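Read in order, the letters of the sequence shown are residues 3 to 70 in our numbering. Right, one structure below, let's go through it.
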Amino acid sequence: MSRNHRHLLLNWFWGEKRFSSGIVEGFDNKAKSTTRKAYGFRTYHGIEIDLYHALGNLPVPKSTHEFF
3 MSRNHRHLLL NWFWGEKRFS SGIVEGFDNK AKSTTRKAYG FRTYHGIEID LYHALGNLPV
63 PKSTHEFF
């Protein structure tokens, strides 16, 4: 729902001249928990891809769930 009304929400924040730190804290918490899960990765590149998927809500490729 928030994606559909994103422009209205952003207009409210700009009009009121105040920003909630809850959004920033939420992103920070999600990044920390994703990094905590990623301790088994051998390279930073793997952690970076995991963060892109977690924070950007990117779709998982179909080939990830296929078996030969």
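Ideal Cβ positions, reconstructed from N, Cα and C, are used throughout, including at glycine. Remember, it's a predicted structure, so these values are computed and weren't measured experimentally.
Under 7 Å between C-beta atoms of residue i and residue j
i, j, result
"alanine 56", "threonine 36", "yes"
"aspartate 52", "alanine 33", "no"
Run of the alpha helix (DSSP H) containing residue i, from where it starts to where it stops
i, result
"arginine 38", "23-39"
"histidine 47", "46-58"
Spatial distance of residue i from residue j (CA atoms)
i, j, result
"phenylalanine 43", "glycine 28", "23 Å"
"glycine 48", "histidine 9", "33 Å"
"asparagine 6", "leucine 12", "12 Å"
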